[in-house]
Structures are given as structure tokens and as C-alpha cells.
Amino acid sequence: MSGDQRQAMLPLPKPGETSSNSQEPRIYGVGELVELVSRRLERAYPDVWVEGEVSNLRAPSSGHLYLTLKDTRGQISVVVFRSAARRVRFQLEDGQKLRMAGRLAIYGPQGRFQLTAERVEPAGVGALQLAQEQLRRKLEAEGLFALEHKRPLPPLPRRIAIITSPTGAAVRDVLRVLEHRFPLSVLIVPSAVQGREAPTELTRALQRADALKLDLIVLTRGGGSFEDLQAFSHEEVVRQIARCRTPVVSAVGHEVDVTLSDLVADSRAPTPTAAAELVAPTLSEVEQTVQQKSLRLQRAISHALQRHTLALERARYGLGAPQARIARGRQRVDELLLGAQLAARRRVRSKGDQLAALRLRLEAGRPSTRLARSRALLHEWESRLKVNINEHLTRRRAMLAKHAATLHALSPLAILARGYSVLRTEAGQIVADSRHVVVGEHLDVRLHRGVLGCRVVERHLPKDEDLEERATLDPPDSEG
Numbered sequence: 001m002s003g004d005q006r007q008a009m010l011p012l013p014k015p016g017e018t019s020s021n022s023q024e025p026r027i028y029g030v031g032e033l034v035e036l037v038s039r040r041l042e043r044a045y046p047d048v049w050v051e052g053e054v055s056n057l058r059a060p061s062s063g064h065l066y067l068t069l070k071d072t073r074g075q076i077s078v079v080v081f082r083s084a085a086r087r088v089r090f091q092l093e094d095g096q097k098l099r100m101a102g103r104l105a106i107y108g109p110q111g112r113f114q115l116t117a118e119r120v121e122p123a124g125v126g127a128l129q130l131a132q133e134q135l136r137r138k139l140e141a142e143g144l145f146a147l148e149h150k151r152p153l154p155p156l157p158r159r160i161a162i163i164t165s166p167t168g169a170a171v172r173d174v175l176r177v178l179e180h181r182f183p184l185s186v187l188i189v190p191s192a193v194q195g196r197e198a199p200t201e202l203t204r205a206l207q208r209a210d211a212l213k214l215d216l217i218v219l220t221r222g223g224g225s226f227e228d229l230q231a232f233s234h235e236e237v238v239r240q241i242a243r244c245r246t247p248v249v250s251a252v253g254h255e256v257d258v259t260l261s262d263l264v265a266d267s268r269a270p271t272p273t274a275a276a277e278l279v280a281p282t283l284s285e286v287e288q289t290v291q292q293k294s295l296r297l298q299r300a301i302s303h304a305l306q307r308h309t310l311a312l313e314r315a316r317y318g319l320g321a322p323q324a325r326i327a328r329g330r331q332r333v334d335e336l337l338l339g340a341q342l343a344a345r346r347r348v349r350s351k352g353d354q355l356a357a358l359r360l361r362l363e364a365g366r367p368s369t370r371l372a373r374s375r376a377l378l379h380e381w382e383s384r385l386k387v388n389i390n391e392h393l394t395r396r397r398a399m400l401a402k403h404a405a406t407l408h409a410l411s412p413l414a415i416l417a418r419g420y421s422v423l424r425t426e427a428g429q430i431v432a433d434s435r436h437v438v439v440g441e442h443l444d445v446r447l448h449r450g451v452l453g454c455r456v457v458e459r460h461l462p463k464d465e466d467l468e469e470r471a472t473l474d475p476p477d478s479e480g
């Protein structure tokens, strides 16, 4: 054990302990204590590996990564600075199980125990595999692998391009198989198939081959490790295959090797040899195909000939003798001519009726006609008005005479004219009962003409009332 490690393993002074040179206890400031513990912790654990599940992942614009690594027994804060984060070949996500190597320390401003990670690896699967799987999910969500984007391969291509390493075994295998199957025009587009420059060269080779407007492009290489085949799963290569207007066949590695180029290509061959067999048929297969198509063509021609012959016979049968057809045609022409004449007559008659109606409307709309009609109406209304006025005056006069007679009959003046009079007291009250006046009272007598001033000399009461009044004035003598 080195001297620094032995020093780091020494226990820290306990609170309240006194040093050998002083009787007073050593008092630490918070920052001083945190710095002391952090420095000793870093010396004790300069390079430690930790495995756990990612949670609370944060990626600010600074490029640093902050997360929590946890398991069933605890958790620890982790920071991955930008320089280390750039070396991570896959995207970190919550829920991933990772292995991280770095140094332990205490973050002073918060007094938080944390791991400063320098290396990050997925637990249980390699970083390249995880990165490829993440890219596959991303491209699949965009629809690059959808079946509706797959184009059919030409059945008999004439010119094809092979993109591969010109010195590899794959190109030799493809050319050898093509030579024994069907003569094609083959263009070799060289490119690196592994290494750092391989994705860029493959992308450019695909662009050059697609610009030539060939019938087919074969992208191929021989077998290799998972890392050796990574250029064919690079995002730019995959996207360039999707952009190609020319159908693309991917034949990378062996049958068990599956790259993202295999998923996006229009067709996938398990090996370079299988790719050559897929794109180029043999002469015997071509001859067999030609014979089959020739036979089908002959049958189609025979069926078409029979069908047209039968149609011709039916037409001949339906045509009949020319004279009869001409006679029927003449009769049809006569029928059409007669129908046209009748239709023309009906149309002329209809137009004549419309013209007559328009003339009537025009005549009715002339100013002189309208003025004469208006004068006639005015005279008629004047006559009706005079009749109505006379009838109304006659009714009103009769009603007035009736009301006048009624008023005359009910008028007090009419009663006075018959010799009656009206008596009033000096207060103006009408006297209707002799009991309401006294002898000597002055009364006004209203006659039919004029008024008389009179004085009551005597009054006479009705017989029964006179007796009653006397009885009141002269009571009978009482018995002694």
C-alpha cells in the first residue's frame, strides 16, 4: 500500500478530540471538513466501478450529464462531464442498467456524495449493440423500414453496380456467380467496408451509383465481427439507401448477421453469393421463363382470335341483307323526318301561343290602356263613393230624427208645454211633495214660458196623511 493510500485510510479526528500539542478541541469549518473528507475519499477511491439503474437523467445545454445510479440497497449521484459524455457511443436513458467508472468525491456546495464518471458502459450488452438498437428504433419510428417503401427488383437487369471493397472476397464471389448465370454489365464502385472512413465512403459510393441510373445496386461485403460490420449500420449510410431511386440489394456478412442496411434495402440476401443468385437468373431459368411466357402468349392470342372470330360471326349474322337494312334505314329516316316535322309544328304552335300571350301583356302594359283602365276604375269608385255617402247620410238622418223624437218626448220642456209646471224653493230645490213646503213660503213656478213668483197660502195633504198628521197634533182625551 502506497503512502497516500495509508494516509487516506487514517481515521479523521473525532469531534471534541484534542491534538497532542494543544488542550483545546479542533474545530473544523463546514467547507474545510467537506474538503478534507472529499480529498481523502478521492485518494482512497481514485478509480471505482459502479453498476446500477439510471434515473433522474438530466442533460443541460452545457453538455454535462447528471443522473442518479441506484439499486435495491441504495443510490448515488453521478456527474458525467462533457469531455467524457462525448465518448459515450449510445444515448443514455432512464431505466438503463449501466456500469460507470470514475472517482468518488463530495460536492462541496451541497455536501453531496457523488461519482464523477469517466467511462460509461451498458451492463449486459455492448455499447455498439445498444447504440445500434437505439438507432433501429428511431429509424423504424420514422418509417424507413416500412414494407410499402420496398421496390420490386427488375426480373432481368442489364446493368448493375456492386459497392464493396475491390480487394475483398465478396466481389470475387459475386462476379464468379454472375459469370456462370447470365451475362450482365457490372460496374464495381470501390469503397471501404470497415473502419472510421467506411461510412463516408459507402455513402458517396451509393450517391455515385444512384446517379448513373442503373437497373440495380448491390451493397455487399464478407463476414466479420459485430464491430467490423458497423459501417453498414451507420445512420448516414442507412438514410442514403432510403434516398436512392435505384433498387438496392443488401448482402452484408453471413446469414446470421443483420445490419440496418439489410432492413432498409429493397431486398436482403444472406450472403454475397446469394445476392448474385438473387439479381441474375441462369440461362436455363431465362429460357424456361421465355418458354412459359411464349406459351401463355400463344394461348392468349388463340383465345383472343377465337373471341374476335365469334364476334365477327355474330356481327355478320346481325348485319343481314343490305337491301333489307337499306329499307329499314329509309323507313327509319321517314319516321325521324315525320317526328321532326311534328316536333317543329308543336314548337311553332308553342311559340305562337307565347307570342300571343306576350302581345296581350304588351297591350295591357301600354300607358293609354292603363290610363283608360285607371279612369274607368276611378269613375266606378266615384259612383260607389257617392252611393255610399248618400246611403250613409240617409241612415244618419233617420237615426238623428229618431233620437230627436226620443229627446223631445223625454224633455221637461215638452211636459211644460202641455200645461205642467215645476216648483222650486228659493234654494233651488224642486218641490215634489206638499209636505216639503210650509204655508207662507215663497216658491218659483217654472212655466212653459216664463217664471212666476208665488207664496203658499194653504196646502193640502193626501187624505190618509192628513188624518195621521191631525192625530199627531190633537191627541184624544185620556180617560179620567
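Under this note's numbering, read the sequence shown as residues 1 to 480, first letter to last. All C-beta atoms, glycine included, are put in the ideal place defined by N, C-alpha and C.
For residue 121 and residue 100, the gap between their C-alpha atoms comes out near 6 Å. At the C-beta level, residue 270 and residue 156 stay beyond 8 Å of one another. In the three-state DSSP reduction, residue 167 falls in the coil class, being neither helix nor strand.
Every alpha helix (DSSP H) of 4 residues or more that sits fully in the stretch 252-281 is shown, in chain order, as 260-264, 272-279.
According to the DSSP secondary-structure assignment, residue 113 is paired through a beta bridge with 106.
Residue 234 is classed as buried because its beta carbon has at least 16 other beta carbons within 10 Å across all chains shown. Counting only residues of its own chain and dropping the five nearest sequence neighbours on each side, residue 459 has a CB closer than 7 Å to the CB of 434, 437, 439. With at least 16 other beta carbons inside 10 angstroms of its own, residue 199 counts as buried. With fewer than 16 other beta carbons inside 10 angstroms of its own, residue 450 counts as exposed. Taking the Cα of residue 219 as reference, the smallest distance to any Cα among 267, 211, 197, 256 is reached at 267.
Under the three-state reduction of DSSP, residue 194 is assigned to coil, being neither helix nor strand. At the C-beta level, residue 163 and residue 209 come within 8 Å of one another. For residue 72, the secondary structure class from DSSP, reduced to helix, strand or coil, is coil. Residue 153 and residue 77 have their C-alpha atoms roughly 54 Å apart. Residue 220 is bridged by DSSP to 251. Three or more Cβ pairs drawn from the stretch 77-93 and the stretch 101-119 lie within less than 8 Å of each other, which places the two stretches in contact.
A contact is defined here as three or more CB-CB pairs under 8 Å, and the stretch 246-256 fails this definition with respect to the stretch 299-312. Under the DSSP assignment, residue 32 falls in the alpha helix (DSSP H) whose first and last residues are 30-44.
Distance from the Cα of residue 55 is smallest, within the candidate group 419, 347, 75, for 75. Between residue 177 and residue 265, the CB-CB gap reaches or exceeds 8 Å. Positions of the alpha helix (DSSP H) runs, each at least 4 residues long and wholly inside the stretch 301-364, are given as 322-364 in order along the chain.
Scanning the stretch 136-163 from its first residue to its last, no whole beta strand (DSSP E) run of 3-plus residues comes out. Between residue 385 and residue 348, the alpha-carbon positions lie close to 49 Å from each other. Secondary structure note for residue 391: its alpha helix (DSSP H) is the uninterrupted segment 367-410. The DSSP-derived three-state label of residue 213 is coil.
A distance below 6 Å between beta-carbons, with the five flanking residues on each side excluded, links residue 272 to the following residues of its chain, in chain order: 170, 173, 174, 220, 251. About 7 Å separates the beta carbons of residue 58 and residue 67, which is inside the 8 Å limit, making them a contact pair. In this structure, residue 179 keeps its C-beta atom at 8 Å or more from the C-beta atom of residue 191. If you draw a straight line from the Cα of residue 278 to the Cα of residue 86, it is about 42 Å long.
Under DSSP, the beta-bridge partners assigned to residue 425 are 443. Between the alpha carbons of residue 33 and residue 134 lies a gap of roughly 44 Å.
Excluding its 5 nearest sequence neighbours in each direction, residue 131 has C-beta neighbours in its own chain below 8 Å: 89, 90, 91, listed in chain order. Contact between residue 253 and residue 224 holds: CB atoms are separated by about 6 Å, below the 8 Å threshold. Contact between residue 104 and residue 41 is confirmed by a C-beta separation of about 5 Å, below the 8 Å threshold.
With respect to the 8 Å criterion, residue 123 and residue 139 are not classified as neighbours on the basis of their beta carbons.
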